[in-house]
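Note that the sequence shown covers residues 1 to 219 in the UniProt record's numbering.
In this text, a Cβ means the ideal position worked out from N, Cα and C, and glycines have one as well.
Model, not experiment: these values are computed from the prediction.
Structure first, commentary second.
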Amino acid sequence: MSELGAGVGWPIELSDGLITLRPLRRRDARSWNAVRSANAEWLAPWEATHPEGGGRPLTFGAMVRSFDREARAGRMIPLAVQVHDRLVGQVSVSGIVWGSLRSGQIGYWVDRNVAGQGITPTAVAMMVDHCFFGLGMHRLEVNIRPENTASLRVVEKLGFRPEGIRRRYLHIDGAWRDHASFAVTPDDVPGGMLTRWRRSQRVLAAQEHEQHTRWSEQT
1 MSELGAGVGW PIELSDGLIT LRPLRRRDAR SWNAVRSANA EWLAPWEATH PEGGGRPLTF
61 GAMVRSFDRE ARAGRMIPLA VQVHDRLVGQ VSVSGIVWGS LRSGQIGYWV DRNVAGQGIT
121 PTAVAMMVDH CFFGLGMHRL EVNIRPENTA SLRVVEKLGF RPEGIRRRYL HIDGAWRDHA
181 SFAVTPDDVP GGMLTRWRRS QRVLAAQEHE QHTRWSEQT
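This is how it looks when you write it as structure tokens:
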């Protein structure tokens with residue numbers, strides 16, 4: 001049995017304020033299908049595809065069973081993002097390797113209607129802290145198409161370290177695509193990524209308040 005499966009168990013649930021990360025359940029099928037359908041065009045340029053094409057997508061039930069199986073084996077941490085009891089996206093760690101590597105790759109998406117509200121950075125930070133300080137992982141990567149400016153903003157806000165371009169790295173939207181690679185290790189976030197992210201939000205809010213006050217005094 002893997003260290004993840006043996007050490008922390010599955011399922012897990014993480015919460016911070018109104019945001020909850022939890023495993024998908026079979027009863028989420030209607031909500032999942034609705035949000036994926038509504039965002040199909042928006043997400044398509046960033047979705048993984050099969051080089052040979054074709055193939056039938058998994059049913060929702062089969063996908064949930066696959067996620068559960070991979071999580072129990074310690075190879076994946078697939079969590080839905082829930083806000084105000086509404087399913088709005090997903091954040092996952094896949095390709096987990098233990099032993100002397102202890103690494104994984106983070107992927108995420110959210111409903112376009114909630115993008116830009118700080119939900120994605122918060123969810124990613126929650127996942128990073130769990131992996132580092134709950135599971136003892138050593139390195140997490142995020143690989144992003146250079147054209148995906150929204151996703152690039154997430155890793156920039158959270159302080160992921162840029163590590164260059166991986167040429168023709170993943171088959172995305174029907175072709176092999178270059179990806180910008182970013183990484184983080186526990187020594188980059190000794191106090192936790194979520195704490196650092198919250199602190200940066202407070203600093204930004206204070207700066208915006210100060211600017212607004214100065215503008216008001218001048219008018």
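- Distances from the alpha-carbon of Leu170 to those of Gly191, Met63 and Ser181 put Ser181 closest.
- A distance of 7 Å or more separates the beta carbons of Asn148 and Trp42.
- Pairwise C-beta distances place the stretch 69-80 out of contact with the stretch 180-198, as fewer than three of them are shorter than 8 Å.
- Nearest to Asp188 by alpha-carbon distance, out of Arg153, Phe132, Ile172 and Ser37, is Phe132.
- In the three-state reduction of the DSSP assignment, Val114 falls in the helix class, which pools H, G and I.
- Taking Leu158 as reference, the option from Val64, Asp129 and Ile172 with the minimal CA-CA separation is Asp129.
- The beta carbon of Met137 sits closer than 6 Å to those of Arg102 and Cys131, all from its chain and outside the five residues before and after it, given in chain order.
- If you ignore the 5 residues before and after Leu24, its C-beta comes within less than 6 Å of the C-beta of Val64 and Ala80, all in its own chain and listed in chain order.
- Within the same chain, and ignoring the five residues on either side of Pro121 in sequence, the residues whose Cβ sits closer than 7 Å to its Cβ are Val154, Lys157, Leu158 and Trp197.
- Its Cα nearest to that of Val142, the residue Val184 stands out among Leu58, Val184 and Ala71.
- Where Pro78 is concerned, the enclosing beta strand (DSSP E) starts and stops at Ile77 to Val83.
- Boundaries of the beta strand (DSSP E) around Trp176: Ala175 to Val184.
- Going by beta carbons, Asn39 and Arg86 fall outside the 7 Å limit.
- The residues Val81, Val88, Gly89, Ile119 and Thr120, in chain order, have a CB closer than 7 Å to that of Val110 in the same chain once the five nearest residues on each side in sequence are set aside.
- Per the DSSP secondary-structure output, Asn143 pairs in a beta bridge with Ser181.
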